[in-house]
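Trainee: Below: one structure in structure tokens.
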Amino acid sequence: MNIQMLTALAISATVIGIAFWIVPTNSEVDGGGLPAPTAVIIDGTQIVDITAKGGYSPRVVVAKAGIPTVVRLATKDTFDCSASVVIPKLSYQKFLQPSGIEEIQITADQATGTLQGLCSMGMYNFKIKFEY
Ligand SMILES: [Cu+2]
1 MNIQMLTALA ISATVIGIAF WIVPTNSEVD GGGLPAPTAV IIDGTQIVDI TAKGGYSPRV
61 VVAKAGIPTV VRLATKDTFD CSASVVIPKL SYQKFLQPSG IEEIQITADQ ATGTLQGLCS
121 MGMYNFKIKF EY
């Protein structure tokens, strides 16, 4: 390999590095680079499904503000701390069963802004973004 090839290689590596660096990290993008999933509305009630196991997925859900909402937190052989859920805004705290579905009711008034849930240690989190 001669010096020109090395220089070309170094330049392309730098260009690729800068391209990745410039691309903004969208806060509404899930870990996998996909857009945040949207909540579904069935008979006037909004449903947000989140799975708790080794963290929460999806990490971000976009929902409509001002609509009564049910957060369905599903566990399936969840033996890590993501089963210990805290939602500070709702003063909600619960240790979930290792497997099951926990339904958390959110009133239309509470369905505003960003609702964050965390594991009790604050290591994992999820966000429901209520938008108008
Ligand atoms: Cu934790």
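Residue numbering for the sequence shown follows UniProt numbering, beginning at 1 and increasing consecutively. By construction, the Cβ of each residue, glycine as well, lies at the ideal position given by its N, Cα and C atoms.
(1) In the DSSP output, what is F118 paired with across the bridge?
(2) Just to check, is the beta-carbon of Y124 closer than 7 angstroms to a non-hydrogen atom of ligand 1?
(3) If contacts are defined as beta-carbon pairs under 8 angstroms, then V71 and I104 qualify, I think. What distance do you get, rounded to the angstrom?
(4) Give a yes or no on whether the C-beta atoms belonging to G66 and T112 are separated by under 8 angstroms.
(5) Does ligand 2 have a heavy atom nearer than 7 angstroms to the CB of A111?
(6) Taking the beta carbon of S27 as the centre, do at least 16 other beta carbons fall within 10 Å, making it buried, or is it exposed?
(7) From the DSSP secondary-structure annotation, give me the bridge partner or partners of D49.
(8) Starting from Y92, trace the beta strand (DSSP E) in both directions and tell me its first and last residue.
(9) Between the C-alpha atoms of G100 and V85, what's the straight-line distance to the nearest angstrom?
(10) Compare the Cα-Cα distances from T38 to each of L73, S82 and K64 and report the closest residue.
(11) For T45, which residues from the same chain have a beta carbon less than 8 angstroms from its beta carbon, with the 5 sequence-adjacent residues on both sides left out?
(12) Could you tell me which residues DSSP puts in a beta bridge with Y56?
Mentor: This is what the structure holds:
(1) In the sequence as displayed, the identity of residue 118 is Leu instead of Phe. Paired residues: V86 and N125.
(2) yes
(3) 4 angstroms
(4) yes
(5) This structure does not include ligand 2; its bound ligands are ligand 1.
(6) Residue confidence for S27 is low, a pLDDT of 42 falling below 50, so the modelled location carries little weight and cannot support an answer.
(7) R72
(8) Y92 to F95
(9) 14 angstroms
(10) Ranked by how close their Cα comes to the Cα of T38, the residues L73, S82 and K64 have K64 in first place.
(11) I67, P68, T69 and V70
(12) A52
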